[in-house]
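These notes concern the structure reproduced below.
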Amino acid sequence: MGEREKQYTGKICYNNLFKIMESKGIKKRDLREKYKISPTIVNRLNNNTNVSIDTIMYLCEILNCQPGDIVEYIPNENNNNNL
23 MGEREKQYTG KICYNNLFKI MESKGIKKRD LREKYKISPT IVNRLNNNTN VSIDTIMYLC
83 EILNCQPGDI VEYIPNENNN NNL
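Numbering-wise, the sequence shown is residues 23 to 105 according to our numbering.
Following this line, the structure appears as structure tokens:
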């Protein structure tokens, strides 16, 4: 069985992640150095691109929060629900 095609048209936004990090005094450098999150993953977060659910769970443990606190799904305004 091959990989499934991308079936969503919206975007992921991690702006709330960075707001929570700032409120707790955690910098992006801390994610890399203290929490051993790879620079590639930190870049993906910074660019609002997909990361694994394992990464989201780890960030929730670090920040003591829920996934919905750090990840926002932004629907495509042109989406007419033709999935």
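We put the beta carbon where it would ideally sit given N, CA and C, even for glycine.
**Prompt:** Any idea what DSSP makes of LYS50, helix, strand or coil?
**Reply:** Taking the sequence shown and counting its residues from 1, one reaches residue 50 at position 28. The answer is helix: DSSP assigns LYS50 an H, G or I state.
**Exposure label - ILE92; buried when at least 16 CB within 10 Å** = What you label residue 92 is simply residue 70 of the sequence shown in a count that begins at 1. Result: buried.
**Prompt:** What does a CB cutoff of less than 7 Å around PRO61 pick up in its chain, not counting 5 residues either side in sequence?
**Reply:** For this step, residue 61 is matched to residue 39 along the sequence shown. Correct list, in chain order: ARG54.
**Request:** Measure the Cβ-Cβ separation of ILE48 and ILE96 and say whether it is below 9 Å.
**Result:** Translated into positions along the sequence shown, residue 48 becomes position 26. Translated into positions along the sequence shown, residue 96 becomes position 74. For ILE48 and ILE96, no; Cβs fall outside 9 Å.
**Request:** Enumerate in chain order the residues of its own chain whose CB-to-CB distance from ASN98 is below 7 Å, with the five nearest sequence positions on each side excluded.
**Result:** Here residue 98 corresponds to residue number 76 of the sequence shown, with the count starting at 1. Same-chain partners within the cutoff: THR31, GLY32.
**Asked** Excluding sequence positions up to five away, which residues of its chain have a Cβ less than 6 Å from the Cβ of LEU39?
**Response** The count along the sequence shown starts at 1 and reaches residue 39 at position 17. Excluding positions up to five away in sequence, the list reads ILE92.
**Request:** Within its chain, find whatever has a CB closer than 7 Å to the CB of LEU81; leave out the 5 residues flanking it on each side and keep chain order.
**Result:** Position 59 of the sequence shown holds residue 81. LEU39, ILE92, listed in sequence order.
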